[in-house]
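> Please find one structure pasted underneath; my questions will follow.
Numbering (the numbering used here), first residue to last: 110 to 372.
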């Protein structure tokens with residue numbers, strides 16, 4: 110399902126909030142939006158991300174995306190300081206278990222510890238739901254805007270390496286597609302970006318990407334995903350999953366139709 114809204118009229122003078130913005134895709138997107146003229150607030154659980162945000166000209170707010178009260182306080186702080194909110198990029202995400210120096214580890218769903226399950230659901234699922242709940246009133250008050258959430262190709266394909274992570278990313282796509290028609294009435298677009306492998310902390314400590322590349326992994330620079338985020342925001346479309354793959358421009362996933370319902 111694709112919905113459309115009034116075309117996004119550029120980033121100059123707009124305020125963007127980016128979760129998981131202290132490194133990787135979030136930081137690259139913050140840089141890109143600042144270059145486009147936006148004012149950016151980086152949100153991250155890691156307090157040291159404040160220094161990285163300041164280095165690129167962004168503001169910083171510490172945020173646990175799995176805490177709805179923290180979300181409410183963060184959005185209130187941002188809107189009071191900057192006068193409103195136009196764009197929210199819900200990017201914070203983790204794998205089910207931390208990656209090792211060998212890269213992403215296969216997860217045994219049957220024997221998955223409860224604490225690992227709760228942790229990934231809190232960031233990848235609660236972080237999106239609570240984020241949408243918190244930012245929507247502020248964006249609507251500005252007359253419209255854009256929400257983007259980071260999913261993954263793992264949300265579109267079978268991903269036996271980490272089935273719980275894949276499930277959380279499929280959840281993101283389902284929410285985006287389902288909310289698109291509702292938010293179109295408020296002139297708010299909502300889309301997902303679905304990266305393949307990216308050189309970020311999620312795949313392991315520094316040096317992991319190089320070792321994975323030696324084994325044939327084709328990993329992307331986070332800046333390539335930032336381009337997909339910009340395209341999702343500026344397209345005027347909603348309810349889309351924008352795939353970001355190595356060597357290809359960002360492109361919309363072609364969802365099939367349910368016979369008898371969507372004919």
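Glycine included, each C-beta is placed from N, C-alpha and C at the ideal position.
1. Taking Cβ to Cβ, would you say residue 174 is nearer than 9 Å to residue 240?
2. Leaving out five residues before and five after residue 281 in sequence, what residues of the same chain have Cβ atoms less than 7 Å from its Cβ?
3. Beta-carbon separation of residue 119 and residue 146 under 9 Å?
4. Report the three-state DSSP secondary structure of residue 268 (helix, strand or coil).
5. Regarding residue 362 and the ligand FAD, is the C-beta to nearest heavy atom distance less than 8 Å?
6. Beta-carbon within less than 6 Å of residue 278's beta-carbon, same chain only, minus the 5 sequence neighbours each way: which residues are those?
7. Using CA coordinates, which residue listed in 155, 168, 317 and 369 is at the minimum distance from residue 124?
8. Report the option in 195, 165 and 163 whose CA atom is closest to the CA atom of residue 121.
9. Taking Cβ to Cβ, would you say residue 193 is nearer than 9 Å to residue 243?
10. Which residues bound the beta strand (DSSP E) around residue 311?
11. Report the partner residues of residue 152 according to the DSSP bridge assignment.
12. Just reading off the alpha helix (DSSP H) that residue 204 is part of, what are its end residues?
13. I want to know whether the region 324-333 touches the region 265-275 - three or more CB-CB distances under 8 Å.
14. What does DSSP give as the partner residue(s) for residue 321 in the beta ladder?
15. Which partner residues of residue 299 appear in the DSSP bridge assignment?
16. Check whether the Cβ atoms of residue 152 and residue 188 lie closer than 9 Å to each other.
17. Can you name the start and end residues of the beta strand (DSSP E) that residue 158 belongs to?
Reading from the atomic positions:
1. yes
2. 237, 258, 260, 264 and 301
3. yes
4. coil
5. The model on display carries no ligand, and the ligand FAD is accordingly not part of it.
6. 260, 261, 263 and 264
7. 168
8. 195
9. no
10. No beta strand (DSSP E) holds residue 311; DSSP gives it neither H nor E.
11. 128 and 170
12. Counting along the chain, residue 204 falls outside any alpha helix (DSSP H), and DSSP gives it neither H nor E.
13. no
14. Answer by DSSP bridge pairing: none, since residue 321 is not bridged.
15. 256
16. no
17. Note, residue 158: premise wrong, no beta strand (DSSP E); alpha helix (DSSP H) at 158-164.
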